[in-house]
Amino acid sequence: MSVLIIIFLTAVAALFAGVFEQGKFSRYIGIAGIIIAFYVSFLPELEFFSQYKSMFEYGLNAALFTKISLVITLLIFFLGGFAFSNHRSHQSELYALMLFSLCGGIVLFGFQNLVTLFLGIEILSIPLYVLAGSNKSDLRSNEASIKYFLMGAFATGFLLFGIALIYGSSSSFDLYKIHEFSMANPKNIMFTMGAVLVMVALAFKVSLAPFHMWSPDVYQGSPSLITAFMMSTVKISAFYAFFKMMSIGFLGINAEWINIMGVLIIITLFLANVMGLAQSNAKRMLAYSSVSHVGYLALIFFGLNNLSVYNLAFYLFAYSLATIGVMMCLIYVEKLKRETSYNAFKGLAQSEPILAVTAAISMLSMAGIPLTAGFMGKFGIFAQAITDTPFLVIVAILGSAISIAYYLRLIMVMFFPKESSFKTTEKVTLTYNIVAVFVVFAIIALGIFPDLFARQFGL
Amino acid sequence: MSYLLLTLLLLPLVGSALVFAWKNPASKFLALGIAFVQMFLTFYMLSDFDFKPTVDSVLQHEINYPWMRFINTQLHFGVDGMSLLLLLLTNILTPLIILSSFNEKPGYRNTFYGLILLMQFGLIGVFTALDGLLFYIFWEVTLIPIWLIAGIWGQENKKIQFTTRFFVYTFVGSLFMLVGLIYVYTNSASFALTDLYNADLSATQQTVVFWFIFFAFAVKLPVFPFHSWQSDTYTYSPTQGSMLLSGIMLKMAIYGLLRWLLPITPSPILGVSGQIVVVLAIISVVHGALIAIIQNDSKRLIAYSSLSHVGLMVAGIMASAILTMKGTLTITGGEGALVQTFAHGINVVGLFYCADILFKRFKTRDIRKMGGLAKVAPKFAVLFMVILLGSIALPLTNGFIGEFILIKSIFDYSILAAVIAGTTMIFSSVYLFRFFGKSMLGKGDDAVLASASDLSAVEFTVLSSLVVFVIVLGIFPQPILDLVNSSLKFIFTSMLN
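Which chain is which? The protein sequence lines are A and B, in order. In case it helps, the numbering used here puts the first sequence at residues 12 to 470. In case it helps, the numbering used here puts the second sequence at residues 3 to 499.
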């Protein structure tokens with residue numbers, strides 16, 4: 012909980028920097044706060060906080076996911092200087108809201124009680140509704156904000172209704188009491204209905220098809236760095252909450268929801284990948300690719316074992332790194348060309364080779380080409396799911412086969428033309444290049460020695 | 003731990019990093035130097051190589067380290083006779099391929115040579131990996147550099163289309179292989195080669211896994227009906243790309259078939275699956291040859307001839323495998339396929355280079371528009387002829403030994419199949435002599451011929467080196483047979499267990 016408090020205080024400090032019209036410092040405050048929080052996240056939890064254990068517990072898994080999302084958020088903050096350089100006046104709000112959202116994420120990592128789950132989801136989402144609309148003058152950004160808010164509010168309704176039904180049948184909010192209840196009563200109708208409603212709400216948050224309808228519009232409309240934040244940090248938090256709820260709380264009624272999950276996965280993988288193929292805008296393509304990755308992630312529910320959490324964390328980390336790698340390239344192109352169609356990337360490798368290589372390696376990682384972290388992530392999840400449902404793994408394989416085509420399109424546009432379409436070259440900042448090199452290095456290092464992940468995050 | 007093997011593995015990787023970093027036209031000499039060092043190291047390895055040990059015992063050159071905590075897999079590389087043959091092929095051809103690009107105008111950028119070295123790294127990994135996951139990883143790693151080579155330097159108006167088709171096709175195949183390997187892994191002790199051989203799979207499971215893994219190889223080889231990517235890719239890639247693809251890369255699949263498929267899933271070979279593969283392979287033989295006869299595009303002609311020759315190798319391997327499963331241990335198919343692997347690698351690289359030389363002289367790939375070059379380029383005519391004869395499998399050339407053993411092994415299995423597959427010898431002389439006749443003999447365009455020159459020094463060096471191999475291996479094929487004998491015996495006996 013100390014991490015949570017540090018991040019919260021950082022967010023308040025970043026916000027107040029804006030109040031005193033020192034918005035340019037917000038980013039540095041945020042970076043400093045995240046680094047401190049990252050250090051603290053390795054320390055054991057203070058004894059004092061154990062009295063809140065029934066609501067929030069900073070256990071091993073919570074620590075692991077907290078560390079991952081802190082690293083990813085830190086990278087995003089580093090990119091902020093370049094990405095938000097035309098947002099002169101309102102920078103502090105952006106950083107503060109991202110930090111608040113991160114607080115919600117951390118709450119989700121340690122939730123022990125459905126009330127904390129609900130609070131976490133709301134703290135995570137409400138700043139995002141604002142962030143999505145932070146490009147006030149852009150119509151698409153406004154649309155994204157409204158759409159996200161309305162749909163999100165609806166999903167919250169589902170979540171609350173589900174929680175109510177669960178409480179009604181099991182007479183408890185506590186995750187482990189619910190777990191025991193589900194083990195003892197695998198056929199309780201009211202409980203099952205509640206579980207399915209919670210599942211729908213959380214599937215909405217992680218954008219598992221067919222509850223993904225909001226995500227392409229929201230991801231495309233939001234400012235690109237915010238999109239990267241939503242695709243990475245937010246997805247890590249939401250998916251872990253989803254995973255924890257389903258695999259602990261509703262484990263006993265596994266037979267009731269596992270088939271629904273299978274169908275959702277099949278829909279997600281085909282729909283998202285085929286739609287991704289049909290896009291002509293790189294940002295929207297990445298939005299669909301992000302949806303499709305939830306499809307692969309959800310395979311984690313099949314053949315659950317002790318390593319599932321580790322596999323999940325690895326995949327989420329690999330995917331988030333790759334997302335940042337592609338998005339930083341996209342931010343650069345968007346800034347120069349004011350659009351993100353495939354053609355805008357034409358010949359990027361000639362003028363900005365570092366960014367182009369970063370984006371290419373990131374996309375190859377997303378597609379699951381060996382020697383990248385994405386391959387190891389996919390491998391772990393497939394190897395687990397194949398023991399239970401080989402059929403779904405084949406579906407996932409076909410999904411990746413479709414997905415490679417749209418990743419390739421973007422890589423080809425960047426590398427194959429003989430000359431660059433970038434006439435005015437605005438050079439990126441040094442921080443930007445350092446982040447790019449770090450992302451490439453991390454993706455390849457994790458692809459060759461996946462054990463580094465366990466070692467770095469203290470497993 | 004063998005430092006020699008480690009050097010062989012890492013030198014191309016380090017070399018490619020250096021070449022990528024050094025943005026200078028002279029970096030091509032660095033690449034060539036590294037490739038030559040690599041070749042000498044391979045010959046050095048051959049000089050005191052012990053042919054006897056097989057992969058289940060202690061190999062002479064081996065690297066073995068634990069790799070991942072949660073997956074039962076090792077960083078396990080090793081060289082037995084069969085690996086060494088493929089290493090020799092890779093490391094002899096790579097310097098020649100690099101050298102062959104030197105008279106290109108304008109010259110290639112440093113990235114081109116970096117990618118070739120990266121490709122070499124992947125290939126060496128594939129041929130030495132003794133761990134299923136490692137094999138898959140290197141298998142996939144080879145795809146990226148060749149795709150970039152084909153895409154960046156390929157024929158301008160076609161490259162988006164054919165590179166996408168090539169990449170997606172082979173990637174889908176590899177993914178199926180991955181699923182197959184994971185499935186075998188979940189039923190065995192670890193990813194180690196020998197553990198995968200001993201995996202506990204029922205006959206039905208073996209059949210499914212067989213087709214999943216075979217799919218990857220069938221695409222890469224390619225075998226009918228998975229060959230539709232091949233002709234475009236070979237035709238529109240830059241010459242060096244076509245050489246890498248056909249000379250070395252498709253040999254990965256022959257190697258994979260022997261080492262990674264047959265011993266892991268032996269039972270379907272005896273059933274209908276094995277027969278289907280033989281039939282598909284023989285269809286490739288005839289289909290490829292017939293289409294090659296009517297081709298007018300020189301590179302496309304070579305692509306189809308490659309389809310035909312590869313089909314024969316697969317048919318030979320499968321014929322021997324089926325006989326072995328029936329109870330009589332036969333390794334002739336494997337021997338023939340490996341001899342032919344080496345020979346075909348040399349010949350097809352030579353043919354693609356000849357096509358490139360012709361293209362430089364006539365500025366077209368259409369053989370109907372060529373003619374009469376033999377008069378002005380006698381040296382080229384002779385060298386071209388020798389390589390051609392090697393491809394046709396004339397006695398005393400390298401192609402003859404391989405094809406002869408292959409047809410013998412198919413004959414042992416079925417006389418009818420051998421008769422049909424044997425037509426390749428007739429057909430190949432038809433299309434290759436037609437190629438030679440149209441391009442070198444007859445009456446050519448005098449204006450073009452007046453400006454055409456004989457071979458340059460670079461061209462002469464590359465072609466004559468290849469010709470040396472064509473003749474020497476045609477007269478003394480025994481070293482190759484000795485090299486692979488014990489590896490093949492091990493592979494075919496493990497099928498029976």
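Backbone N, C-alpha and C fix where the C-beta goes; we use that ideal spot for every residue, glycine too. Because the structure is a prediction, the values reported are computed rather than measured.
Length of the line joining the Cα atoms of residue i and residue j
{"i": "A94/A", "j": "G175/B", "result": "40 Å"}
{"i": "F129/B", "j": "Y5/B", "result": "17 Å"}
{"i": "L198/B", "j": "N124/A", "result": "46 Å"}
{"i": "T155/A", "j": "L309/B", "result": "According to the sequence shown, residue 155/A is Ala rather than Thr. The straight-line gap from Cα to Cα measures roughly 53 Å."}
{"i": "L90/B", "j": "T332/B", "result": "25 Å"}
{"i": "I488/A", "j": "A456/A", "result": "Look at the range of chain A in this structure, 12 to 470, and you will see that residue 488/A is not part of it."}
{"i": "K25/B", "j": "F354/B", "result": "28 Å"}
{"i": "F38/B", "j": "G410/A", "result": "42 Å"}
{"i": "S331/A", "j": "I342/A", "result": "16 Å"}
{"i": "L208/A", "j": "F313/A", "result": "20 Å"}
{"i": "Q480/B", "j": "V448/A", "result": "51 Å"}
{"i": "P138/A", "j": "M109/A", "result": "7 Å"}
{"i": "A255/B", "j": "R261/B", "result": "10 Å"}
{"i": "M242/A", "j": "G243/B", "result": "38 Å"}
{"i": "G276/B", "j": "N349/B", "result": "29 Å"}
{"i": "L451/B", "j": "I482/B", "result": "42 Å"}
{"i": "L203/B", "j": "T343/B", "result": "31 Å"}
{"i": "G17/B", "j": "A28/B", "result": "14 Å"}
{"i": "K253/B", "j": "T279/A", "result": "38 Å"}
{"i": "I403/B", "j": "F478/B", "result": "10 Å"}
{"i": "I2/A", "j": "S193/A", "result": "It is not possible to answer for residue 2/A, since the shown part of chain A is limited to 12 through 470."}
{"i": "F1/B", "j": "I16/A", "result": "Outside the shown range of chain B, which is 3 to 499, sits residue 1/B, and nothing can be said about it."}
{"i": "L136/B", "j": "L315/A", "result": "25 Å"}
{"i": "V30/A", "j": "A143/A", "result": "21 Å"}
Limits of the alpha helix (DSSP H) - the one that residue i falls within
{"i": "Q361/A", "result": "359–362"}
{"i": "P27/B", "result": "Note, P27/B: premise wrong, no alpha helix (DSSP H); not H, not E."}
{"i": "W231/B", "result": "230–238"}
{"i": "D380/B", "result": "Before going further, note that residue 380/B is Pro rather than Asp in the sequence given. Segment 380–394, the alpha helix (DSSP H) holding P380/B."}
{"i": "M3/B", "result": "Per DSSP, M3/B belongs to no alpha helix (DSSP H) and is neither H nor E."}
{"i": "M257/A", "result": "Counting along the chain, M257/A falls outside any alpha helix (DSSP H), and DSSP gives it neither H nor E."}
{"i": "E142/B", "result": "134–143"}
{"i": "E405/B", "result": "400–415"}
{"i": "Y230/A", "result": "225–232"}
Assigned secondary structure, residue i (DSSP; H/G/I helix, E/B strand, else coil)
{"i": "Q157/B", "result": "coil"}
{"i": "A239/A", "result": "helix"}
{"i": "N124/A", "result": "strand"}
{"i": "I369/B", "result": "helix"}
{"i": "D202/B", "result": "coil"}
{"i": "F250/A", "result": "helix"}
{"i": "F31/A", "result": "coil"}
{"i": "A371/A", "result": "helix"}
{"i": "S352/A", "result": "strand"}
{"i": "D399/A", "result": "coil"}
{"i": "D462/A", "result": "helix"}
{"i": "F67/A", "result": "strand"}
{"i": "D185/A", "result": "strand"}
{"i": "A194/B", "result": "strand"}
Extent of the continuous beta strand (DSSP E) to which residue i belongs
{"i": "H78/B", "result": "76–81"}
{"i": "P68/B", "result": "63–68"}
Sheet register partners of residue i (DSSP bridge)
{"i": "S291/A", "result": "Per DSSP, none; premise fails for S291/A."}
{"i": "D358/B", "result": "Partner(s): none; D358/B has no beta bridge."}
{"i": "D508/B", "result": "No information on residue 508/B is available, as it lies outside the stretch 3 to 499 that chain B covers here."}
Count the CB pairs spanning the stretch 312–322 of chain B and the stretch 410–420 of chain B that are closer than 8 Å, and state whether there are at least three. The stretch 312–322 of chain B is in contact with the stretch 410–420 of chain B.
Using a Cβ distance threshold of 8 Å, determine whether the stretch 453–460 of chain B contacts the stretch 298–318 of chain B, with at least three qualifying pairs required. no
Using a Cβ distance threshold of 8 Å, determine whether the stretch 70–81 of chain A contacts the stretch 38–57 of chain A, with at least three qualifying pairs required. yes
Per the contact definition of three or more C-beta pairs closer than 8 Å, is the stretch 435–454 of chain B in contact with the stretch 359–374 of chain B? They touch, by the three-pair rule.
Stretch-stretch touch, CB-based, cutoff 8 Å, three pairs: the stretch 415–431 of chain A with the stretch 195–209 of chain B: no
Counting Cβ pairs closer than 8 Å, one from the stretch 242–259 of chain A and one from the stretch 302–319 of chain A, do we hit at least three? yes
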